[in-house]
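>
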Amino acid sequence: MSYKLPVPHPGTHTRPFWEGTKEGKLMLPKCGDCNRVHWYPRHICPFCHSDNISWVEGSGEGTIYSYAVQHLAFGPWAEEAPYVTAYVDLKEGDRMLTVLRGVDPEKPEDIAIGAKVAVEFEAASDDVHIPFWRVVEGD
Ligand SMILES: [Zn+2]
Numbered sequence: 003m004s005y006k007l008p009v010p011h012p013g014t015h016t017r018p019f020w021e022g023t024k025e026g027k028l029m030l031p032k033c034g035d036c037n038r039v040h041w042y043p044r045h046i047c048p049f050c051h052s053d054n055i056s057w058v059e060g061s062g063e064g065t066i067y068s069y070a071v072q073h074l075a076f077g078p079w080a081e082e083a084p085y086v087t088a089y090v091d092l093k094e095g096d097r098m099l100t101v102l103r104g105v106d107p108e109k110p111e112d113i114a115i116g117a118k119v120a121v122e123f124e125a126a127s128d129d130v131h132i133p134f135w136r137v138v139e140g141d
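Add 2 to a position in the sequence shown, counting from 1, and you land on the number used in our numbering.
Written as structure tokens, this is what we have:
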């Protein structure tokens with residue numbers, strides 16, 4: 003493997019998410035009581051406190067809510083700087099933090115709030131594939 007960035011360790015309550023990423027699916031936790039998708043995975047719904055959580059396959063589509071250019075980073079991420087992080091509004095609801103791809107960190111003025119993004123997955127190890135989001139359309 004050539005992946006040099008930190009690799010997450012899937013826990014029991016995030017395992018459905020990580021199993022999905024290996025199949026190219028963005029699995030999202032959804033509350034069976036209020037029917038809202040939430041991110042990140044939790045044992046109880048952050049909106050209504052129900053523990054009736056199941057997993058649904060997301061569309062992998064979203065829009066940029068906000069972004070920031072990271073000029074300083076630590077550890078393995080230091081070699082990646084500058085790079086762009088963003089909050090993505092998921093089509094299904096709630097918001098996901100990501101490293102944004104398909105953008106030039108030297109030209110942040112070209113990054114549009116509301117631009118459409120799509121998820122993609124990178125194999126960090128045999129067991130962990132990490133989702134990143136890429137701009138697919140201007141605004
Ligand atoms: Zn709920």
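Glycine included, every Cβ here is placed at the ideal spot set by N, Cα and C.
When you compare each of M98, H73, K93 and E124 to P110 by their alpha carbons, which one comes out closest?
H73
> Does the count of Cβ pairs from the region 96 to 104 and the region 132 to 141 closer than 8 angstroms reach three?
yes
> Would you report the Cα separation of Y89 and V138, rounded to the nearest angstrom?
15 angstroms
> Secondary structure at R38, three-state DSSP: helix, strand or coil?
When DSSP states are grouped into helix, strand and coil, R38 belongs to the coil group.
> When you compare the CB positions of F19 and P12, do they come within less than 9 angstroms of one another, or not?
yes
> What three-state label does DSSP hand H45 in the structure shown?
H45: coil per DSSP, three-state reduction.
> Does the contact criterion of 3 or more C-beta pairs under 8 angstroms hold for the region 19 to 36 versus the region 58 to 66?
yes
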